[in-house]
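Novice: Residue numbers (our numbering): 233 to 482. Submitted below is the structure of interest, expressed as structure tokens.
Below you can see the structure in the form of structure tokens.
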């Protein structure tokens with residue numbers, strides 16, 4: 233009976249377990265990430281990143297589903313990621329927490345203005361993404377404020393693609409490079425937006441740990457122009473929204 237009798241003014245009613253996606257930010261000029269989890273197993277599966285089974289009933293509730301991320305492998309991951317997300321919320325309000333200001337000063341970036349960078353979380357794993365191609369393994373990290381994955385190699389091309397589709401930088405380290413980071417450490421990547429735009433493959437970075445500051449080279453290899461666009465806009469949804477807005481202005 234509704235065909236031909238649309239009511240565009242009527243408000244859409246969500247079911248009790250259906251929620252909107254939270255806003256996903258575009259990539260900032262500089263990136264300050266806090267390590268949320270360090271997984272040194274030979275391989276990390278997508279089922280470890282987001283368990284299957286009963287959690288699938290929350291697939292229409294992004295934040296609820298994300299609360300199960302890494303629950304079987306690192307139960308403290310979600311609280312850590314949320315703590316980092318709170319730092320980003322404070323930065324957006326131009327109120328840098330003392331923890332962030334102290335980290336910037338130790339990294340030699342004490343004069344960096346709040347508007348000049350973005351705070352997010354990062355997961356380090358030796359080789360993540362083995363198993364199924366469920367995009368929730370990436371989307372759950374993203375809605376918790378995840379900005380990147382760091383590894384030596386991605387287990388599957390599909391998981392790497394899902395990270396890109398959700399605007400998370402798929403950084404790699406050269407084989408044999410030690411990653412001395414631990415949860416809570418800060419990883420600073422300067423000029424990240426400019427370098428992604430140019431298609432650079434090497435990203436100098438600084439890792440701040442209890443033992444001091446460590447220089448690292450992160451790699452972002454073989455990205456296509458389309459992938460770089462998704463990383464810059466923040467995610468595939470943002471990309472489509474920008475396309476629709478451009479078409480509506482014509």
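Glycine included, every Cβ here is placed at the ideal spot set by N, Cα and C. Predicted model, so just to flag it, every value in this text is computed and none were measured.
In the DSSP output, which residue or residues are listed as bridge partners for residue 351?
Specialist: 264
Novice: Go through its chain and collect everything with a Cβ distance to residue 474's Cβ below 8 angstroms, but skip five positions before and after it.
Specialist: 465
Novice: Quick check: the stretch 244 to 263 against the stretch 423 to 439, are at least 3 beta-carbon pairs closer than 8 angstroms?
Specialist: Yes, they touch.
Novice: So is residue 249 buried or exposed if we call it buried at 16+ other beta carbons inside 10 Å?
Specialist: Exposed.
Novice: Would you identify the three-state DSSP class for residue 278, choosing helix, strand or coil?
Specialist: Residue 278: helix per DSSP, three-state reduction.
Novice: For the stretch 294 to 303 against the stretch 384 to 391, do three or more pairs of beta-carbon atoms, one drawn from each stretch, fall closer than 8 angstroms, so that the two count as touching?
Specialist: no
Novice: Determine the DSSP secondary structure at residue 471, reduced to helix, strand or coil.
Specialist: helix
Novice: Where does residue 393 fall in DSSP's three states?
Specialist: Of the three classes helix, strand and coil, the one that applies to residue 393 here is helix, per DSSP.
Novice: Do the stretch 437 to 446 and the stretch 356 to 376 meet, that is, are 3 or more Cβ pairs less than 8 angstroms apart?
Specialist: no
Novice: So for residue 290, helix, strand or coil by DSSP?
Specialist: In the three-state scheme derived from DSSP, where H, G and I count as helix and E and B as strand, residue 290 is classed as helix.
Novice: Does the distance from the CB of residue 431 to the CB of residue 447 come in under 9 angstroms?
Specialist: no
Novice: Tell me the DSSP secondary structure of residue 343 in three-state form.
Specialist: coil
Novice: Nearest-angstrom Cα distance between residue 350 and residue 237?
Specialist: 46 angstroms
Novice: One question on the structure: do residue 353 and residue 409 come within less than 9 angstroms of each other, judged by their Cβ atoms?
Specialist: no
Novice: Just to confirm before moving on: does the CB-CB distance between residue 269 and residue 415 stay below 9 angstroms?
Specialist: yes
Novice: Kindly confirm or deny that the stretch 362 to 380 and the stretch 392 to 407 touch, where touching means at least three C-beta pairs closer than 8 angstroms.
Specialist: yes
Novice: Could you give the first and the last residue of the continuous beta strand (DSSP E) run that contains residue 402?
Specialist: 401 to 404
Novice: Can you grab the Cα-Cα spacing for the pair residue 419 / residue 281, in whole Å?
Specialist: Taking the straight line from one Cα to the other gives about 21 angstroms.
Novice: Would you kindly check if the distance between the Cβ of residue 421 and the Cβ of residue 253 is under 9 angstroms?
Specialist: no
Novice: Mapping the DSSP letters down to three states, classify residue 381 as helix, strand or coil.
Specialist: strand
Novice: Below 8 angstroms on the Cβ atoms is my guess for residue 401 versus residue 452; work out the distance and round it to an integer in Å.
Specialist: In this structure residue 401 touches residue 452 by the C-beta definition: roughly 6 angstroms separates them, less than 8 angstroms.
Novice: Is the separation between the beta-carbon of residue 292 and that of residue 251 shorter than 9 angstroms?
Specialist: yes
Novice: Which residue's Cα is closest to the Cα of residue 450: 435, 459, 273, 439?
Specialist: 435
Novice: Where DSSP assigns a beta bridge to residue 269, which residues make up the other side?
Specialist: 355
Novice: Threshold first: 4 residues or longer. Then list the alpha helix (DSSP H) segments lying entirely within the stretch 291 to 345, N to C.
Specialist: 294 to 298, 309 to 324, 330 to 338
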